[in-house]
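This report concerns only the one structure given below.
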Amino acid sequence: MSDALIKIKNLFVEYTSQKGISGDKQTIHAVNGVTLEIFKGEILAVAGESGCGKSTLAKAILHLEKSKSGSILYNDKDVLKMDKKQLKEYRKSAQMIFQNPYSSLNPKMKIIDTLKEPLDINTDLPDFEKFNIIKEKVEKTGLDINSLNQYPHEFSGGQRQRIAIARALVLNPGFILADEPVSALDVSIQAQILNLLKTLKRDFNLTFMLITHDISVIKYLADRVAIMYLGEIVEIGSKSQIFINPKHPYTKALLSAAPHIDGEKSERILLNGDLPSPSKLPSGCKFHTRCPYCMDVCTKASPEDITINEGHLVKCFLYLNKAESCTAPNT
Ligand code: SF4
1309 MSDALIKIKN
1319 LFVEYTSQKG
1329 ISGDKQTIHA
1339 VNGVTLEIFK
1349 GEILAVAGES
1359 GCGKSTLAKA
1369 ILHLEKSKSG
1379 SILYNDKDVL
1389 KMDKKQLKEY
1399 RKSAQMIFQN
1409 PYSSLNPKMK
1419 IIDTLKEPLD
1429 INTDLPDFEK
1439 FNIIKEKVEK
1449 TGLDINSLNQ
1459 YPHEFSGGQR
1469 QRIAIARALV
1479 LNPGFILADE
1489 PVSALDVSIQ
1499 AQILNLLKTL
1509 KRDFNLTFML
1519 ITHDISVIKY
1529 LADRVAIMYL
1539 GEIVEIGSKS
1549 QIFINPKHPY
1559 TKALLSAAPH
1569 IDGEKSERIL
1579 LNGDLPSPSK
1589 LPSGCKFHTR
1599 CPYCMDVCTK
1609 ASPEDITINE
1619 GHLVKCFLYL
1629 NKAESCTAPN
1639 T
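Quick note: the sequence shown uses our numbering, first residue 1309, plus one each step.
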């Protein structure tokens, strides 16, 4: 396996929110002890239900959300210990693409100004060099160079997402965090943007973390997949390890709910109840309140990572006595 660009160790993120009409404060345990590596040149997808903590994890990696404890190393430098100057440099090399391209673009700014702004803030380059960079990124993202004097509302959703991607690229980042990059787009446009991301990854030697709940997007783009549940990574592996040989009961349920592009059918695994509130985490294994295979031990102790194969880890007591001799159903 190649070098890790990002190494996250035992990361916790909590925040306080107001509860209902009473206005009482409650602590949201959004990320709970995540340990994760993102290797140079790969696309790591982080998948899970809405509210599982994947977007908070993404914001914590970019230091847009404060972490309670743990470490996030980028090229072996701890993001959580960076001073202002180091953080500014880090944010140049780690960029984000958001879900909604309309709300992520300033409606009052012409596209040329939107693309030039990061270069104005972060570089002393002369204008002609800034324009050359913008021209290159605009052409790479498939936009018309003659449209730069227009405003965001004059573009379609797909074109706006291309503009947002071009803006993320103007500072020549090494790492892109894409949070549901196609979920706000028409289905007919989604494939074009996914193809574009694949091409850009290759041409600019980018590393991606892809946040998504869409299994078909993961199948198309990802090299590795991490499954998140209530702020924990419960399973991680290569795309084939996760799709061909999923182990965690939650991973199996998540995959069973996704439509198969090839028309193949599998039986939907229905889980009991909804995702518990991250303000009231269950004891023991956080999945035990919904798990069809819950055992006594699961309610009392938290499972650690168990290695199934090289690079394939799962947090589940069903696999405690070696992957080969596990007694998990359907394995
Ligand atoms: Fe289910 Fe127990 Fe495994 Fe948790 S540890 S996923 S409750 S079997």
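In this text, a Cβ means the ideal position worked out from N, Cα and C, and glycines have one as well.
On a predicted model such as this, the values are computed, not experimentally measured, just so you know.
Counting only residues of its own chain and dropping the five nearest sequence neighbours on each side, Leu-1493 has a CB closer than 7 Å to the CB of Gly-1465, Gly-1466, Gln-1469 and Ile-1501.
Counting along the chain, the unbroken beta strand (DSSP E) around Gly-1378 starts and ends at 1377–1382. Separation of Tyr-1382 and Lys-1315 (C-alpha to C-alpha, rounded to the nearest whole angstrom) is 7 Å. Of the candidates Thr-1449, Glu-1397 and Ser-1455, Ser-1455 places its Cα closest to the Cα of Lys-1418. Remark: the shortest separation between the CB of Cys-1624 and any heavy atom of the ligand SF4 falls under 7 Å. When the Cα atoms are used, Ala-1530 and Glu-1350 turn out to be separated by approximately 8 Å.
Short of 6 Å from the beta carbon of Cys-1624, and not among the five residues preceding or following it, lie these beta carbons of its own chain, in chain order: His-1556 and Pro-1611. Within 7 Å of the C-beta of Pro-1554 there is not a single heavy atom belonging to the ligand SF4. In this structure, Cys-1599 has its beta carbon less than 7 Å from a heavy atom of the ligand SF4. By the C-beta criterion, the stretch 1398–1409 is judged not to be in contact with the stretch 1352–1360, since fewer than 3 inter-stretch pairs fall below 8 Å.
Counting other Cβ atoms within 10 Å of its Cβ, Val-1495 stays below 16 and is therefore classed as exposed. In the DSSP assignment, Tyr-1537 falls within the beta strand (DSSP E) that extends over 1532–1537. Here Thr-1364 carries a helix assignment [DSSP, helix/strand/coil]. When only Cα atoms are considered, Asn-1414 and Arg-1475 end up about 12 Å apart. According to DSSP, residue pairing for Ile-1541 in a beta bridge involves Met-1536.
For Phe-1516, there is no enclosing alpha helix (DSSP H); the enclosing beta strand (DSSP E) covers residues 1515–1520.
Distances between the C-beta of Cys-1593 and the heavy atoms of the ligand SF4 include at least one below 7 Å.
Per DSSP, the continuous beta strand (DSSP E) segment holding Ser-1325 begins and ends at 1312–1327. Cβ-Cβ distances below 8 Å link Lys-1376 to Phe-1320, Val-1321 and Glu-1322 in the same chain, with the five nearest sequence neighbours on each side left out; the list follows chain order. Within the stretch 1568–1621, no alpha helix (DSSP H) run of at least 4 residues lies entirely inside it. Three or more beta-carbon pairs separated by less than 8 Å are not found between the stretch 1514–1522 and the stretch 1542–1556, which leaves the two stretches without contact. Within the same chain, Cβ atoms closer than 8 Å to the Cβ of Gln-1334 are found at Thr-1324, Ser-1325, Gln-1326, Lys-1327 and Ser-1587, the five residues on either side in sequence being excluded. Using a Cβ-Cβ distance cut-off of 8 Å, the stretch 1573–1583 and the stretch 1594–1612 are in contact, since at least three pairs of beta carbons, one from each stretch, lie closer than that value. In this chain, the beta strand (DSSP E) harbouring Phe-1347 covers 1332–1347.
Residue pairing by DSSP places Ala-1355 opposite Thr-1520 and Ile-1535 in a beta bridge.
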